[in-house]
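Worksheet: one structure, shown below.
In the working numbering, the protein residues as written are 23 to 310.
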């Protein structure tokens, strides 16, 4: 049933297997067994994309109800766990997973050696109600209604370049230089919509991934508008974009898990670490 819901949500055998952390072969075998038991074909494969058949669509809502019932049982049992031990699954954006969480996790391990952490590094929002993850680190204006937690801090946007570029408060001057723009889904972000509308003539390269954009800027391909969590080594902050609304960083979990000791300790540790991480600070100007 989990395999069925994962494919229904992603439309892809490969993405479903990644969400479930099993092989594509296992997911395919699960679907084949489910179709055999129900006596109905549940998916049509159209140009590599899995689409629900009429029978599959009829099964979708009951399947979700079944899984929610199992999740309620799991959450109830998990809620009895008051010892700081066991597995905690954390989903976080790739930028945090690469640049901020490794040191955080290393110090956490020294303090809580009996808690095992599993990091799901992805910009995709995992379905927390189906226990793909216990804790979500998310950038969002507002958290989903079905999750609880707290806002950790805001993350400013800035213009970045190479160490040889001069930091300056003269935004008009910087905006006359060559820039790396956004493409793909990243292009719909308000920051890049504003930049493309106002300064399209200065965009000479484009990228659909923030981390790749940061590395392009570091290599001298042009300036880049980036949030401060993308300050990769060797990238220089030239000026803050004070008129751009900052990102809001949240640490969230399912309501039934917030009193589980290992979840509570892990959330508190991550929240305090990210709140005070100097890499996310926003000084008026960074000169090196």
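From the three backbone atoms N, C-alpha and C, an ideal C-beta is built for every residue, glycine too.
Beta-carbon proximity check, residue 142 vs residue 113, cutoff 9 Å: yes
Nearest-angstrom beta carbon gap, residue 77 and residue 64 [assumed within contact, 8 Å]: 6 Å
4-residue-minimum alpha helix (DSSP H) runs that sit fully inside the stretch 170 to 239, ordered along the chain: 193 to 196, 212 to 221
First through last residue of the beta strand (DSSP E) which encompasses residue 159: Segment 157 to 161, the beta strand (DSSP E) holding residue 159.
With 16 other Cβ atoms within 10 Å as the buried cut-off, status of residue 4: Absent from the structure is residue 4, since the part of the chain shown begins at 23 and ends at 310.
Beta-carbon spacing of residue 222, residue 244 below 9 Å: no
Nonlocal neighbours in the same chain, by C-beta distance under 8 Å from residue 286, ignoring five residues either side: 280
Residues bridged to residue 66 [DSSP beta-bridge criterion]: 73
Residue 41 burial status per 10 Å Cβ neighbour count (16 or more: buried): buried
Start and end residues, alpha helix (DSSP H) containing residue 16: Absent from the structure is residue 16, since the part of the chain shown begins at 23 and ends at 310.
Residue 247 - partner residues in DSSP beta bridges: 181
Whether residue 291 touches residue 161 by CB criterion (9 Å): Contact flag unset, no.
Three-way DSSP call (helix, strand, coil) for residue 90 in this model: helix
From 107, 140, 108, residue whose alpha carbon lies closest to that of residue 123: Among 107, 140, 108, the Cα nearest to that of residue 123 is on 140.
The stretch 207 to 224 touching the stretch 169 to 177, judged by at least three CB pairs closer than 8 Å: no
Distance, residue 277 Cα to residue 197 Cα: 45 Å
Own chain, CB closer than 7 Å to residue 134, minus 5 neighbours either side, in chain order: 106, 287
Length of the line joining the Cα atoms of residue 144 and residue 136: 25 Å
Beta-carbon gap between residue 187 and residue 260 smaller than 9 Å: yes
First and last residue of the uninterrupted beta strand (DSSP E) at residue 111: First-last of the beta strand (DSSP E) with residue 111: 108 to 114.
Cα-Cα separation, residue 30 to residue 82: 8 Å
Residue closest to residue 69, alpha-carbon to alpha-carbon, out of 39, 239, 60, 33: Taking only the C-alpha atoms, the option nearest residue 69 is 33.
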